[in-house]
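*Asks:* In this note's numbering, the protein residues as written are 1 to 369.
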């Protein structure tokens, strides 16, 4: 009797190993066939002459390296080069530059950063708020005086005029006037001011005060003046409003400041806001005098046919008044005559009047709303 030879089936593990070996052989074959063009050796890096001069890794545009912008803004002014007195017993080793160039580099960097960085947490001082309040009060008084003078009857003004008086006033040395509120016969130096003149006078005072207060509040000799790029930022921080060149038909802040160049200018390199007056102005009269001088000059040029002398002034629109919401009655009180806590206007509506009101409003008058 013949017995058929039984063939053993390959084990699952052996089949898996054979397949893995086949895959590896295929991958090796592919690696040999593919050529990326780089060769067997890694590529050599070649630096440009400019790259060889760099001592620090360039930072991405708009970043401050390993510090956030707010942290850097508050701390960079106190950056220094470490020295032995701070506890470095082994001394400080300068590997790229010697000590003097390293300190000079840091000093220049701090100065440049001060020019380009705004002081976000700067708060106007009491010095500024007192000066601003005094000026606002003075302007209100001056404008009231101008209004009173212009309200005088024309006949009375004619009576007060004397022969040659008008010519004398025209020839008056503005800067010799002791009282800008009365240059004679009760006439103020600003009698002929228009809205544009009051706006220019205010701008003179505000920009001069801004520069003065900024210098005192920052108290840093490296930041004695405001960079041109930051003028609007600090003006808004101090006065809670913006400088708008379009009010005078102009396109830039520089053109706007040019209108009051007798008081402030934007000059220097880099350009900064510079006051042309003493740091502290004891009286605001000087701003009235400068404004009147410019008003007369514009009028003289305009009368001579110079059209460029006229200002294209557009008074800014007054802010819309905030809507007044009715005041809610306090806890335990009622509206008007509907209860014991009567409001003004409903007082005295006792007896029949109160009954009539209650009748008109149905049962609402018996309780709270």
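Beta carbons: idealized from backbone N, C-alpha and C, even for Gly.
Within 10 Å of its beta-carbon, does residue 140 have 16 or more other beta-carbons around it, so buried, or fewer, so exposed?
*Replies:* In the chain shown, residue 140 corresponds to position 140, counting from 1. The residue in question, residue 140, is exposed, as its Cβ has fewer than 16 Cβ neighbours within 10 Å.
*Asks:* Per DSSP, which residues does residue 275 bridge with? Please list them.
*Replies:* Position 275 of the chain shown, counted from the first residue, corresponds to residue 275. In DSSP, residue 275 forms a bridge with 264.
*Asks:* Strictly under 8 Å for the Cβ-Cβ distance: is residue 219 near chain C by that measure?
*Replies:* Absent from the structure is chain C; it holds one protein chain and no more.
*Asks:* Can you name the start and end residues of the alpha helix (DSSP H) that residue 59 belongs to?
*Replies:* Locating residue 59 in the chain shown gives position 59, where the first residue counts as 1. Where residue 59 is concerned, there is no enclosing alpha helix (DSSP H), given that its DSSP letter is neither H nor E.
*Asks:* Among 22, 290, 308, which has the Cα closest to the Cα of residue 173?
*Replies:* By 1-based counting over the chain shown, the position of residue 173 is 173. It is 290 whose Cα lies nearest to the Cα of residue 173.
*Asks:* Work out the CA separation of residue 217 and residue 125 for me, nearest whole Å.
*Replies:* Here residue 125 refers to the residue found at position 125 of the chain shown. Here residue 217 refers to the residue found at position 217 of the chain shown. Taking the straight line joining both Cα atoms gives about 6 Å.
*Asks:* Counting along the chain, where does the alpha helix (DSSP H) carrying residue 300 start and finish?
*Replies:* Counting from 1 along the chain shown, the entry for residue 300 is found at position 300. It spans 285-303 - the alpha helix (DSSP H) in which residue 300 sits, taken as one unbroken run.
*Asks:* Let's test the definition: count the other Cβ atoms within 10 Å of the Cβ of residue 190 and tell me whether it reaches 16, buried, or not, exposed.
*Replies:* Here residue 190 corresponds to residue number 190 of the chain shown, with the count starting at 1. It is buried - the Cβ of residue 190 has at least 16 other Cβ atoms within 10 Å.
*Asks:* Just how far apart, CA to CA, sit residue 243 and residue 193?
*Replies:* The residue labelled residue 243 in the question sits at position 243 within the chain shown. The residue labelled residue 193 in the question sits at position 193 within the chain shown. The alpha-carbon atoms of residue 243 and residue 193 are separated by roughly 21 Å.
*Asks:* Since residue 102 and residue 81 should fall inside the 8 Å C-beta cutoff, what is the C-beta to C-beta distance between them, to a whole number of angstroms?
*Replies:* Stepping through the chain shown from its first residue, residue 102 is reached at position 102. Stepping through the chain shown from its first residue, residue 81 is reached at position 81. Contact flag correct, Cβ pair sits at about 6 Å.
*Asks:* Can you tell me where the alpha helix (DSSP H) with residue 52 in it begins and where it stops?
*Replies:* Within the chain shown, residue 52 is the residue found at index 52, counting from 1. From DSSP, the alpha helix (DSSP H) with residue 52 extends over 49-53.
*Asks:* With DSSP run on the structure shown, which of helix, strand or coil describes residue 188?
*Replies:* Indexing the chain shown from 1 puts residue 188 at position 188. In this structure, residue 188 counts as coil in the three-state DSSP scheme.
*Asks:* From which residue to which residue does the alpha helix (DSSP H) around residue 204 run?
*Replies:* Within the chain shown, residue 204 is the residue found at index 204, counting from 1. Run containing residue 204: 195-218, per the alpha helix (DSSP H) assignment.
*Asks:* Residue range of the alpha helix (DSSP H) that residue 91 falls in?
*Replies:* On the chain shown, position 91 is the one that residue 91 refers to. Taken as a continuous stretch (DSSP letters only), residue 91 belongs to no alpha helix (DSSP H), as it is neither H nor E.
*Asks:* Quick one, which of 201, 204, 202, 234 has its alpha-carbon nearest residue 215's?
*Replies:* Here residue 215 refers to the residue found at position 215 when the chain shown is read from its first residue. Checked all of 201, 204, 202, 234; the closest Cα to residue 215 is 234.
*Asks:* I think residue 264 touches residue 207, with their Cβ atoms under 8 Å apart; what is that distance to the nearest whole Å?
*Replies:* Residue 264 sits at position 264 when you count from the first residue of the chain shown. Residue 207 sits at position 207 when you count from the first residue of the chain shown. That pair is a contact at about 4 Å.
*Asks:* The alpha helix (DSSP H) spanning residue 113 covers which residue range?
*Replies:* Numbered from 1 along the chain shown, position 113 holds the residue referred to as residue 113. Counting along the chain, the alpha helix (DSSP H) containing residue 113 begins and ends at 99-116.
*Asks:* For residue 402, which residues from the same chain have a beta carbon less than 7 Å from its beta carbon, with the 5 sequence-adjacent residues on both sides left out?
*Replies:* Because residue 402 is not part of the residues shown, which for the chain are 1 to 369, the question remains open.
*Asks:* Counting Cβ pairs, one atom from each stretch, are 3 or more of them under 8 Å apart for the segment 285-304 and the segment 246-253?
*Replies:* Not touching, per the Cβ criterion.
*Asks:* Among 73, 144, 52, which one has its Cα closest to the Cα of residue 110?
*Replies:* Within the chain shown, residue 110 is the residue found at index 110, counting from 1. Checking every option, the nearest Cα to that of residue 110 belongs to 73.
*Asks:* Within the continuous alpha helix (DSSP H) that includes residue 130, where are the two ends?
*Replies:* For this step, residue 130 is matched to residue 130 along the chain shown. Here the alpha helix (DSSP H) through residue 130 covers 126-150.
*Asks:* Of the residues 276, 251, 253, which one's Cα is nearest the Cα of residue 261?
*Replies:* In the chain shown, the residue the question calls residue 261 occupies position 261. Of the candidates 276, 251, 253, the one whose C-alpha sits nearest the C-alpha of residue 261 is 276.
*Asks:* Between 288, 43, 256, which lies nearest to residue 177 when the distance is taken from Cα to Cα?
*Replies:* Within the chain shown, the letter at position 177 stands for residue 177. Among 288, 43, 256, the Cα nearest to that of residue 177 belongs to 288.
*Asks:* Run through the DSSP bridge pairs and tell me what residue 385 is partnered with.
*Replies:* No answer is possible for residue 385: the residues shown for the chain start at 1 and end at 369.
*Asks:* Under a Cβ-count criterion, where at least 16 other Cβ atoms within 10 Å of its own Cβ denotes burial, should residue 368 be classed as buried or exposed?
*Replies:* Position 368 of the chain shown, counted from the start, is the residue given in the question as residue 368. Residue placement at residue 368 is poorly supported in this model, since its pLDDT is 39, which falls under 50; the coordinates still yield a value, given next. So residue 368 ends up on the exposed side.
*Asks:* Ends of the alpha helix (DSSP H) at residue 254?
*Replies:* The sequence position of residue 254 within the chain shown is 254, counting from 1. Start and end: 253-258.
*Asks:* Using beta-carbon positions only, say whether residue 79 and residue 47 come within less than 8 Å of one another.
*Replies:* Along the chain shown, one-based indexing puts residue 79 at 79. Along the chain shown, one-based indexing puts residue 47 at 47. No; because the gap between Cβ atoms is not below 8 Å, this pair is not in contact.
*Asks:* Using a threshold of 8 Å, state whether the C-beta atoms of residue 92 and residue 84 are closer than that.
*Replies:* Mapped onto the chain shown, residue 92 falls at position 92. Mapped onto the chain shown, residue 84 falls at position 84. It is a contact, given that the beta carbons lie within the stated cut-off.
*Asks:* Taking the CB atoms as reference points, tell me whether residue 145 and residue 184 lie closer together than 8 Å.
*Replies:* In the chain shown, counting from the first residue as 1, residue 145 sits at position 145. In the chain shown, counting from the first residue as 1, residue 184 sits at position 184. No.
*Asks:* Taking all protein chains shown into account, do 16 or more other C-beta atoms lie within 10 angstroms of the C-beta of residue 295, making it buried, or fewer, making it exposed?
*Replies:* By 1-based counting over the chain shown, the position of residue 295 is 295. When all chains shown are included, residue 295 counts as buried.
*Asks:* Could you check whether residue 77 and residue 114 sit closer than 8 Å to each other, using their CB atoms as the reference points?
*Replies:* Along the chain shown, read from residue 1 onward, the residue named residue 114 stands at position 114. Along the chain shown, read from residue 1 onward, the residue named residue 77 stands at position 77. For residue 114 and residue 77, yes; Cβs fall inside 8 Å.
*Asks:* For residue 230, collect the residues of the same chain with a Cβ closer than 7 Å to its Cβ; drop the 5 residues on either side in sequence, then sort them by chain order.
*Replies:* Position 230 of the chain shown, counting from 1, holds the residue named residue 230. Cβ neighbours of residue 230 beyond the five flanking positions: 118.
*Asks:* Nearest by alpha-carbon distance to residue 435: which of 240, 255, 312, 197 is it?
*Replies:* Outside the shown range of the chain (1 to 369) lies residue 435, about which nothing can therefore be said.
*Asks:* How many angstroms separate the CA atom of residue 97 from the CA atom of residue 55?
*Replies:* For the purposes of this step, residue 97 is taken as residue 97 along the chain shown, with counting starting at 1. For the purposes of this step, residue 55 is taken as residue 55 along the chain shown, with counting starting at 1. Distance between the alpha carbons of residue 97 and residue 55 is about 9 Å.
*Asks:* Among the candidates 131, 134, 175, 186, whose CA atom is the shortest distance from the CA of residue 152?
*Replies:* As a first step, residue 152 must be located in the chain shown, where it is residue number 152. Taking only the C-alpha atoms, the option nearest residue 152 is 186.
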